[in-house]
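Q: Structure in structure tokens, see below.
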Amino acid sequence: MLKPIRSSVLINSIMSHAFSKIDTNLLKTITDTKNLKLGKGFHCQMIISSQFDLILTNYLINLYAKCGDLNFARKVFNEMPERNVVSVSSLMAGYFHNGLPSEVFSVFRLMGFGRLLVRPNEYIFTTVLASCADIQALIEGRQCHAYVLKYGLLFHTYVRNALLHMYSRCSQVEDALVVFKTVLDFDIFSANSIINVFLEHECITEAKNVVRSMVAKIGLWDHITYVSVLSLAAASRDLILGCQAHGQITKRCLEVNDFVRNATVDMYGKCGDVLSSQHAFLGARVRNVVLWTTVMAACTQNGFLEDALKLFLEMVTDGIQPNELTYAVILYSCAGLSVLRNGEAIYALVEKSGHKAHLPVGNALINMYSRCGTIEDAHRVFTTMLQKDIISWNSIISGYSHHGLGREVLEAFRTMLMGGVAPSYATFVGVLSACGHLGLVKEGFYYLNHLMRDFGVVPGIEHHTCLVGILSRAGLLDEAEKYMRYTHVEWDIVAWRTLLSGCRVHRNFRLGKKVAHHILQLDPHDVGTYILLSNIYARESQWDGVLDVRKLMRGRCVKKEPGVSWLQVRNEIHVFTSEDKQHPLINQICEKLEDLITRIKLIGYLPDSSSVLHDVEDEQKQEYLIYHSEKLAISFGLISLPSGAPIHVMKNLRVCADCHTAIKLISNVTGRKIIVRDANRFHCFNHGACSCNDYW
DNA sequence: CTAGGGTTAG
1 MLKPIRSSVL INSIMSHAFS KIDTNLLKTI TDTKNLKLGK GFHCQMIISS
51 QFDLILTNYL INLYAKCGDL NFARKVFNEM PERNVVSVSS LMAGYFHNGL
101 PSEVFSVFRL MGFGRLLVRP NEYIFTTVLA SCADIQALIE GRQCHAYVLK
151 YGLLFHTYVR NALLHMYSRC SQVEDALVVF KTVLDFDIFS ANSIINVFLE
201 HECITEAKNV VRSMVAKIGL WDHITYVSVL SLAAASRDLI LGCQAHGQIT
251 KRCLEVNDFV RNATVDMYGK CGDVLSSQHA FLGARVRNVV LWTTVMAACT
301 QNGFLEDALK LFLEMVTDGI QPNELTYAVI LYSCAGLSVL RNGEAIYALV
351 EKSGHKAHLP VGNALINMYS RCGTIEDAHR VFTTMLQKDI ISWNSIISGY
401 SHHGLGREVL EAFRTMLMGG VAPSYATFVG VLSACGHLGL VKEGFYYLNH
451 LMRDFGVVPG IEHHTCLVGI LSRAGLLDEA EKYMRYTHVE WDIVAWRTLL
501 SGCRVHRNFR LGKKVAHHIL QLDPHDVGTY ILLSNIYARE SQWDGVLDVR
551 KLMRGRCVKK EPGVSWLQVR NEIHVFTSED KQHPLINQIC EKLEDLITRI
601 KLIGYLPDSS SVLHDVEDEQ KQEYLIYHSE KLAISFGLIS LPSGAPIHVM
651 KNLRVCADCH TAIKLISNVT GRKIIVRDAN RFHCFNHGAC SCNDYW
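Residue 1 is where the first sequence starts when you use UniProt numbering, and the numbers rise one by one after that.
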């Protein structure tokens, strides 16, 4: 029933016009401005004056539909003595715009059974096809395509564009192209649609060709074209194209549109220009959730992780409610920084907000826990997820792999295959690293040469590097070198360093020196390689070699990147470097560390000075080793964290051999679990052993 | 009297 209209003025005005003819222009204006209250007044006027002709009633359906009151629209529709195609399409459009595509279908089915006695026209198919696109109902979409052909409606631009869009949303590039090719002189709608089809399927060249062909008609471009072109620039990391689009946008004052601004902020972020991204963000008059999330993502993608956290706080302070993607983005920032406490605080917000069931959030939680070193929690999140997608599987597999849990990786991989989930590029990176951890050489080759092909995944440099790692780890260093020599891959520094690490662990210094010099030819500033090379000479007691490395570094102005370790205690991040003694508790920390060193010396610790690069006397070398940043950080953790709590430490470089031995023994004498995330992987020290099995 | 295309995570 009608709700009472409170405004007496309104009632008076309507009653005074009650018996006059309905002003359809006014009714249209009311519809356009979505003024439901005034609209109901008109409905009253129609009832009172018994004006119920077909066209007027259609106006009424449209009015209720546009105002989102579908129950009323349906009621009016149901009670009509006769209906025409406009009545049906108005109602359908109402359902469509209010996110009820299934209702659109049910009305369409009513037409199909003939009960409505109305022949569908181009308006009907445009709306039904849009609904198919909405819920990716490909089968229904194809049926509509058949009807369209049967009724000869394909040459209506609207219908063609709706078909194009439907196929694009249903990921049917071929069908979309077939439709697109029937378009002789495409309008801006079909152009926008086809650009997005290409974009969605990473056909960057084709998309750019369409854009190029549209340059002559730039006057036709609307704000959606710019959104598409900006997305294209973002996807292809094409800052020049992005700037050109942004220039046009500014000139044509289209930046006021939220979507355009979001796409601009995103484009600059994806192209690596964080400053311009932030600038475009700051220029917004009003900032919605998506805009905040986009700029936070731009920071996260470019490593400005603290900025992302700051923006999140600002956003919440501004009273903007985060959505599921905001949580995903901020969790990825926490993961990158390894700040477990912040990650858990966000988790609490996620639980409270009810966004936990969203896939991106669950996936981001798995990643956050695994990158913060608590793989058990990552596993818990993973197993309690209601649905999982390929990213969920890849996240847990990659997490296990970074923690050196080879068996768990293969177990998850088997479960995934049995569940009918197709593995992707990233899956195989995790699986092949697991083969390395487990020493499964034959299996590694089988996965690369057969299984990957079976699943249509083309092996990339990461996979080949994993094979180098598998061979190296198994001690098959010459085979690893041959593999690199004879496999047609453009090897990068990471791959060569994998082989070099193998040479270090298996003490193959002849090959090690050769590989190190090769790396230094590729990149004369790769500090890690100088350290390893110096290490190799030191272990062979070739002190001339050590001196040569130092001379080489000095000559090339290569400075050892200072080792930095940090850990989170309560709400603070405490940062340690070996040289500086800035920490307020430094005296207690050093005291604790000296005590630890004394205790581990009793169970066999011998400082290993081959890791020291400085020109220092022997007794000073030990000093430098003792005060390596990770040792300081762990000592601090031991005096400031509750007894029994695991100690999580992050480090910018790889753990050195001396610290690795020392930390194993420290975990023994203190009975603590110590988790170190270095530049490469996690080391979980427990009861005197490390999860990496001393290979890293 | 009725209809179409677009933004944020891995």
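A virtual CB, placed ideally from N, CA and C, is assigned to each residue, including glycine.
A quick note: this is a predicted structure, and the numbers were derived from the prediction, not measured.
1) According to DSSP, simplified to helix, strand and coil, what is K3?
2) Can you tell which of N84, I194, D608 has its C-alpha closest to the C-alpha of I224?
3) Judging by CA-CA distance, which residue of V429, C466, G272 is the nearest neighbour of V441?
4) Report the partner residues of W566 according to the DSSP bridge assignment.
5) Cα-Cα, which of T182, K34, A137, G269 is closest to Q172?
6) Pair every Cβ in the stretch 689-696 with every Cβ in the stretch 658-672, then say whether three or more of these pairs are closer than 8 Å.
7) In the DSSP assignment, find the beta strand (DSSP E) that holds F636 and state where it starts and stops.
8) Starting from F685, follow its DSSP beta bridges and name the residues at the other end.
9) I'd like to check one pair, G406 with A378: are the Cβ atoms closer than 8 Å?
10) Taking only three categories from DSSP, how would you classify C372?
11) Could you tell me the alpha carbon to alpha carbon distance between V655 and F576, rounded to whole angstroms?
12) How many whole angstroms separate the CB atoms of L653 and E591, which I take to be in contact at a CB cut-off of 8 Å?
13) Mapping the DSSP letters down to three states, classify A679 as helix, strand or coil.
14) Kindly indicate which residue of C170, R169, A207, H165 has the alpha-carbon position closest to the one of S190.
15) Could you round the C-beta distance between L638 and R672 to whole angstroms and report it? I think they count as a contact, below 8 Å.
16) So S228 is in the alpha helix (DSSP H); what residue range does that whole segment cover?
17) For the stretch 101-120 and the stretch 76-91, state whether three or more C-beta atom pairs, one from each stretch, are separated by less than 8 Å.
18) Please name the residue in A146, G141, T250, C271 whose C-alpha comes closest to that of C170.
19) I need the DSSP call for V265, collapsed to helix, strand or coil.
20) How about T182 and L154: are their beta carbons less than 8 Å apart?
21) Compute the beta-carbon to beta-carbon distance between L241 and L232, rounded to the nearest angstrom, for a pair I have assumed lies under 8 Å.
22) Near W566, which residues of its chain fall below 6 Å by C-beta distance, leaving aside the five closest residues on each side in sequence?
23) I need the boundaries of the alpha helix (DSSP H) containing T462, first residue and last residue.
24) What is the DSSP secondary structure of D492, reduced to helix, strand or coil?
25) So, for D608: in the same chain, excluding its five sequence neighbours on each side, which residues have a beta-carbon less than 7 Å away from its beta-carbon?
26) Whole alpha helix (DSSP H) runs in the stretch 31-86 with 4 or more residues, listed along the chain?
27) Considering T317, what are the terminal residues of the alpha helix (DSSP H) in which it resides?
28) Is DSSP giving Y695 helix, strand or coil here?
29) According to the Cβ coordinates, are L477 and H506 closer than 8 Å?
30) What number of angstroms, rounded off, separates the C-alpha of residue 697 from the C-alpha of H246?
31) How far does the alpha helix (DSSP H) with T529 in it reach, from first residue to last?
32) Does the beta-carbon of H402 have 16 or more other beta-carbons within 10 angstroms, so that it is buried, or is it exposed?
33) Could you tell me whether the Cβ atoms of N342 and L309 are closer together than 8 Å?
34) Does the Cβ-Cβ distance between L36 and D69 come in under 8 Å?
35) Compute the Euclidean distance between the alpha carbons of S640 and I674, then round it to the nearest angstrom.
36) Runs of 4 residues minimum, wholly inside the stretch 104-139: which ones carry the alpha helix (DSSP H) assignment?
A: So, from the listed chains and residues:
1) Here the question's residue 3 lines up with position 3 in the first sequence. Low per-residue confidence applies at K3: pLDDT is 46, beneath 50, and the placement is therefore not dependable enough to give any value.
2) Along the first sequence, one-based indexing puts residue 224 at 224. Among N84, I194, D608, the Cα nearest to that of I224 is on I194.
3) Locating residue 441 in the first sequence gives position 441, where the first residue counts as 1. Comparing Cα positions, the closest option is C466.
4) Against the first sequence, residue 566 aligns to sequence position 566. According to DSSP, which records beta bridges pairwise, W566 is partnered with V575, M650.
5) Start at 1 with the first residue of the first sequence, and residue 172 comes out as number 172. Nearest C-alpha to Q172: A137.
6) They touch, by the three-pair rule.
7) On the first sequence, position 636 is the one that residue 636 refers to. No beta strand (DSSP E) contains F636, which is instead part of the alpha helix (DSSP H) from 629-640.
8) Position 685 of the first sequence, counting from 1, holds the residue named residue 685. According to DSSP, which records beta bridges pairwise, F685 is partnered with I674, C690.
9) For the purposes of this step, residue 378 is taken as the residue at position 378 of the first sequence. For the purposes of this step, residue 406 is taken as the residue at position 406 of the first sequence. No, these two residues do not count as a Cβ contact at 8 Å.
10) Numbered from 1 along the first sequence, position 372 holds the residue referred to as residue 372. Coil.
11) Mapped onto the first sequence, residue 655 falls at position 655. Mapped onto the first sequence, residue 576 falls at position 576. Approximately 14 Å between the Cα atoms of the pair.
12) Looking up residue 653 in the first sequence gives position 653. Looking up residue 591 in the first sequence gives position 591. Wrong, their Cβ atoms sit about 26 Å apart, outside the cutoff.
13) The residue given as residue 679 occupies position 679 in the first sequence. DSSP places A679 in coil when its eight states are reduced to three.
14) The count along the first sequence starts at 1 and reaches residue 190 at position 190. Checking every option, the nearest Cα to that of S190 belongs to H165.
15) On the first sequence, residue 638 is found 638 positions in, with the first residue counted as 1. On the first sequence, residue 672 is found 672 positions in, with the first residue counted as 1. Sure, about 7 Å apart at Cβ, within 8 Å.
16) As a working note, residue 228 is residue 228 in the first sequence. Here the alpha helix (DSSP H) through S228 covers 223-235.
17) Between the stretch 101-120 and the stretch 76-91 there are three or more C-beta pairs closer than 8 Å, enough to call the two in contact.
18) On the first sequence, position 170 is the one that residue 170 refers to. Of A146, G141, T250, C271, the residue nearest in Cα terms is G141.
19) Along the first sequence, read from residue 1 onward, the residue named residue 265 stands at position 265. If DSSP states are grouped into helix, strand and coil, V265 belongs with the helices.
20) One-based indexing of the first sequence puts residue 182 at position 182. One-based indexing of the first sequence puts residue 154 at position 154. Their beta carbons are under 8 Å apart, which means T182 touches L154 by this criterion.
21) Here the question's residue 241 lines up with position 241 in the first sequence. Here the question's residue 232 lines up with position 232 in the first sequence. Sure, about 7 Å apart at Cβ, within 8 Å.
22) Stepping through the first sequence from its first residue, residue 566 is reached at position 566. Excluding sequence neighbours, W566 sits near I573, V575, M650.
23) Position 462 of the first sequence holds residue 462. One detail in the question is off: residue 462 reads as Glu in this sequence, not Thr. In the DSSP assignment, E462 falls within the alpha helix (DSSP H) that extends over 461-473.
24) In the first sequence, counting from the first residue as 1, residue 492 sits at position 492. Three-state DSSP puts D492 in coil, outside helix and strand.
25) Along the first sequence, read from residue 1 onward, the residue named residue 608 stands at position 608. So the qualifying residues of the chain are A657, D658, T661.
26) Listed in chain order, the complete alpha helix (DSSP H) runs (minimum 4 residues) inside the stretch 31-86 are 36-48, 54-66, 70-78.
27) Locating residue 317 in the first sequence gives position 317, counting from the first residue. T317 -> alpha helix (DSSP H) spans 305-317.
28) Translated into the one-based positions of the first sequence, residue 695 becomes position 695. In the three-state reduction of the DSSP assignment, Y695 falls in the coil class.
29) Within the first sequence, numbered from 1, the residue matching residue 477 stands at position 477. Within the first sequence, numbered from 1, the residue matching residue 506 stands at position 506. Yes, these two residues count as a Cβ contact at 8 Å.
30) Residue 697 is absent from the model: the chain starts at 1 and stops at 696.
31) Taking the first sequence and counting its residues from 1, the one referred to as residue 529 is at position 529. If you look at T529, you'll find it in the alpha helix (DSSP H) that goes 527-539.
32) Within the first sequence, residue 402 is the residue found at index 402, counting from 1. The residue in question, H402, is buried, as its Cβ has 16 or more Cβ neighbours within 10 Å.
33) Here residue 342 refers to the residue found at position 342 of the first sequence. Here residue 309 refers to the residue found at position 309 of the first sequence. Inclusion of N342 and L309 in the CB contact set at 8 Å is warranted, their separation being smaller than that value.
34) Taking the first residue of the first sequence as position 1, residue 36 is located at position 36. Taking the first residue of the first sequence as position 1, residue 69 is located at position 69. In this structure, D69 lies closer than 8 Å to L36 by Cβ.
35) Within the first sequence, numbered from 1, the residue matching residue 640 stands at position 640. Within the first sequence, numbered from 1, the residue matching residue 674 stands at position 674. S640 and I674: Cα-Cα distance of roughly 14 Å.
36) Fully enclosed alpha helix (DSSP H) runs of 4 or longer: 122-134.
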